[in-house]
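*Asks:*
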Amino acid sequence: MARGEDWSLNPQNQMVLDGIAALLRDQIGLNPAALGDRMLTEMIRQTMQTWGYTNLATYWQQLQTSPTTFEALVEAVVVPETYFFRNPESFDYLRYYVLSQPQQRRWRILSVPCSTGEEPYSIALTLMEAGLSAESFYIDAVDISAVALTKAHQGIYRAHAFRQPQTAESSTICDRYFQIHQGQYHLLPAVRSQVRFHHANLADANCLKYCAPYDIVFCRNLLIYLHTTARAQAWQHLERLVRLDGRLFLGYAEINPVDRHRFIPIPQPHTFAYRKLARPTLAHPTLPRTKSPRRPSIAQPPTLPRSPDLPQPEPEPGLSHSIELATSTVEATPLELEEIRDLANQGELTQAAEQCDRYLQAHPTHATAHVLRGEIHQAQGEDEAAQTAFHKALYLAPNCEAALMHLLLWSEQQGDWATAQRLRKRLEALINGEGADAGK
Numbered sequence: 023m024a025r026g027e028d029w030s031l032n033p034q035n036q037m038v039l040d041g042i043a044a045l046l047r048d049q050i051g052l053n054p055a056a057l058g059d060r061m062l063t064e065m066i067r068q069t070m071q072t073w074g075y076t077n078l079a080t081y082w083q084q085l086q087t088s089p090t091t092f093e094a095l096v097e098a099v100v101v102p103e104t105y106f107f108r109n110p111e112s113f114d115y116l117r118y119y120v121l122s123q124p125q126q127r128r129w130r131i132l133s134v135p136c137s138t139g140e141e142p143y144s145i146a147l148t149l150m151e152a153g154l155s156a157e158s159f160y161i162d163a164v165d166i167s168a169v170a171l172t173k174a175h176q177g178i179y180r181a182h183a184f185r186q187p188q189t190a191e192s193s194t195i196c197d198r199y200f201q202i203h204q205g206q207y208h209l210l211p212a213v214r215s216q217v218r219f220h221h222a223n224l225a226d227a228n229c230l231k232y233c234a235p236y237d238i239v240f241c242r243n244l245l246i247y248l249h250t251t252a253r254a255q256a257w258q259h260l261e262r263l264v265r266l267d268g269r270l271f272l273g274y275a276e277i278n279p280v281d282r283h284r285f286i287p288i289p290q291p292h293t294f295a296y297r298k299l300a301r302p303t304l305a306h307p308t309l310p311r312t313k314s315p316r317r318p319s320i321a322q323p324p325t326l327p328r329s330p331d332l333p334q335p336e337p338e339p340g341l342s343h344s345i346e347l348a349t350s351t352v353e354a355t356p357l358e359l360e361e362i363r364d365l366a367n368q369g370e371l372t373q374a375a376e377q378c379d380r381y382l383q384a385h386p387t388h389a390t391a392h393v394l395r396g397e398i399h400q401a402q403g404e405d406e407a408a409q410t411a412f413h414k415a416l417y418l419a420p421n422c423e424a425a426l427m428h429l430l431l432w433s434e435q436q437g438d439w440a441t442a443q444r445l446r447k448r449l450e451a452l453i454n455g456e457g458a459d460a461g462k
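Counting from 23, one number per residue, gives the positions in the sequence shown under our numbering.
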């Protein structure tokens with residue numbers, strides 16, 4: 023095998039590459055497009071060199087018949103990208119949330135994928151620093167990579183695993199929970215014992231099949247690498263694995279798969295955390311998602327940045343509230359609107375816009391339809407039209423959380439802090455069950 027040879031110039035080699043991509047798709051749920059053809063080809067090339075293969079066709083045959091050969095390729099394509107306290111706001115909120123709850127149970131926490139252990143150990147360190155005893159929580163950590171799990175079990179890291187800017191607090195954590203030996207950081211057994219590691223794939227139909235729901239689930243930066251069917255399977259597991267009123271943490275780029283009828287975002291900046299509602303907000307089942315979305319989904323808005331002068335704790339909700347509450351009644355989303363949303367998720371924005379406009383001509387007072395139209399405007403880059411649509415929705419349904427969240431984000435992006443603070447108070451009052459008027 024010539025180093026750097028362009029396999030795509032040979033039709034037979036390209037067929038083999040396509041076959042390898044399909045094998046990864048079918049076996050582990052990977053969306054090859056998430057890696058890109060060049061990166062995937064380079065990973066295949068490097069794996070062949072490591073294992074001594076010089077012929078692509080021979081390697082392809084081995085991949086189909088040898089589990090060891092296939093597992094080696096899997097290890098290559100799931101290269102871990104993680105570090106301690108990644109997205110620190112998530113851990114700040116985790117600490118607040120746990121301390122704000124009654125200490126009447128042992129916290130059950132899941133980290134998936136856990137990679138080489140930095141995330142689940144960050145969770146453990148956060149809770150230990152918050153004063154929780156070892157008996158008050160435990161963490162299950164899951165990953166598809168056996169190599170990553172071996173490293174996670176060992177709990178030995180280099181300085182590269184601590185990429186957040188050094189502070190007095192982070193230095194204290196390193197001094198308190200790690201022993202440094204020959205330039206490596208050895209995590210103390212007291213921390214490692216809080217985490218139980220498991221080899222599994224969240225995209226597999228039987229993953230964690232018999233596990234009871236968890237109080238808190240971290241699933242960050244996995245869904246974006248899965249193809250549509252695998253992502254739906256993984257999301258089905260996540261819905262089952264988060265207990266009612268539990269918390270789900272996602273990656274910043276993964277808000278689109280969120281079922282906005284079962285989870286609502288926590289209004290704190292950069293936490294990317296969601297609360298699972300006690301029951302779905304819609305009476306009808308969710309329609310299947312499209313198989314090949316080409317643009318970002320039209321879904322629940324991202325988590326809400328909090329103004330610097332407002333208190334940070336998230337108000338704990340009482341009764342669950344509908345995403346779209348008209349003044350006194352729940353406004354259910356018709357199936358026709360769900361179909362328009364699916365169309366937009368496919369990237370067919372022009373067609374989705376036309377159908378949504380026709381729906382609004384027939385139902386001009388439907389707040390949910392105005393929200394959807396605004397989201398389509400946003401996806402088309404028509405920000406002013408989007409804000410007009412959200413204002414119409416809010417006029418028709420003052421308790422419309424989605425419209426409030428969109429307008430709040432827009433106000434803060436424009437630096438209109440007075441309007442943002444007013445909208446935030448309305449939203450928080452609504453989540454607390456006080457009604458829209460309470461926050462005005």
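Heads up, the beta-carbon is just placed ideally off N, CA and C, and yes, glycines get one too.
(1) So for Lys414, helix, strand or coil by DSSP?
(2) Cys136 by DSSP, collapsed to three states: which one?
(3) Going along the chain, which residues of its own chain have a beta-carbon closer than 7 Å to the beta-carbon of Gln373, five neighbours each way excluded?
(4) Can you tell me the Cβ-Cβ gap for His259 and Phe219, rounded? I've got them flagged as a contact below 8 Å.
(5) By Cβ distance below 6 Å, which residues in the same chain neighbour Leu382 in space, the five residues on each side in sequence not counted?
(6) So the candidates are Arg253, Leu359, Glu141; which of them puts its Cα closest to the Cα of Glu397?
(7) Name the DSSP beta bridge partners of Ile202, please?
(8) Look at the Cβ atom of Glu141, then the Cβ atom of Thr293, and state whether they are nearer than 7 Å.
(9) Using a Cβ-Cβ cutoff of less than 8 Å, which residues in the same chain neighbour Gly268 once the five nearest sequence positions on both sides are dropped?
(10) Using DSSP with H/G/I as helix, E/B as strand and the rest coil, what is Lys231?
(11) Check whether the Cβ atoms of Phe412 and Leu394 sit closer than 7 Å, and answer yes or no.
(12) Tell me which residue opens and which closes the beta strand (DSSP E) that Leu270 is part of.
(13) Verify whether the separation of the beta carbon atoms of Ala170 and Thr148 is less than 7 Å.
(14) How many Å lie between Leu266 and Ser133 at the Cα?
(15) Do you know how far the Cα of Arg60 is from the Cα of Thr90?
(16) Could you pull the start and end residues of the alpha helix (DSSP H) that Glu236 belongs to?
(17) Closer than 8 Å is the cut-off here; do at least three beta carbon pairs connect the segment 76-83 with the segment 103-119?
(18) Quick check on this structure: which residue in Leu449, Ala146, Glu157 has the alpha carbon closest to the alpha carbon of Arg127?
(19) Could you check where the beta strand (DSSP E) with His220 kicks off and where it finishes?
(20) On the three-pair Cβ rule with 8 Å, is the segment 67-79 touching the segment 91-111?
(21) So, are the CB atoms of Ala56 and Tyr274 less than 7 Å apart?
(22) Do Ala256 and Leu224 have their C-beta atoms closer together than 7 Å?
(23) What does the alpha-carbon distance come out to for the pair Tyr417 and Pro289?
(24) Would the beta-carbon of Ile161 fall within 7 Å of that of Val101?
(25) Between Leu449 and Leu431, which are expected to be in contact by the criterion C-beta below 8 Å, what is the C-beta distance as a whole number of angstroms?
(26) Can you say whether His203 is buried or exposed, counting buried as having 16 or more other CB atoms within 10 angstroms of its CB?
(27) Would the beta-carbon of Ser155 fall within 7 Å of that of Phe107?
(28) Going by DSSP in three states, Pro287 sits in which element: helix, strand or coil?
(29) Are the beta-carbon atoms belonging to Arg185 and Tyr105 less than 7 Å from one another?
(30) Closer than 7 Å by C-beta to Arg284: which residues in its own chain qualify, once you throw out the five before and the five after it? Chain order, please.
*Replies:* Concretely, from the data shown:
(1) When secondary structure is reduced to three states using DSSP, Lys414 falls in the helix class.
(2) coil
(3) Leu365
(4) With a Cβ gap of about 18 Å, His259 and Phe219 do not count as contacting.
(5) Ala391
(6) Leu359
(7) DSSP output for Ile202 lists Tyr207 as bridge partner(s).
(8) no
(9) Pro235, Tyr236, Asp237, Ile238, Val239, Arg297, Lys298
(10) coil
(11) No, Cβ-Cβ distance for Phe412 and Leu394 is not below 7 Å.
(12) 264-272
(13) It is not a contact, given that the beta carbons lie outside the stated cut-off.
(14) 18 Å
(15) Answer to the nearest angstrom: the Cα atoms are 24 Å apart.
(16) The identity of residue 236 in the sequence shown is Tyr, whereas the question assumes Glu. From DSSP, Tyr236 is part of no alpha helix (DSSP H) but of the beta strand (DSSP E) over 236-241.
(17) no
(18) Glu157
(19) Per DSSP, His220 belongs to the beta strand (DSSP E) from 217-221.
(20) yes
(21) no
(22) yes
(23) 22 Å
(24) no
(25) About 11 Å separates the two Cβ atoms, so there is no contact after all.
(26) exposed
(27) no
(28) Annotated three-state conformation of Pro287 is strand, per DSSP.
(29) Yes, they are a contact pair.
(30) Glu261, Lys298, Leu299, Pro302
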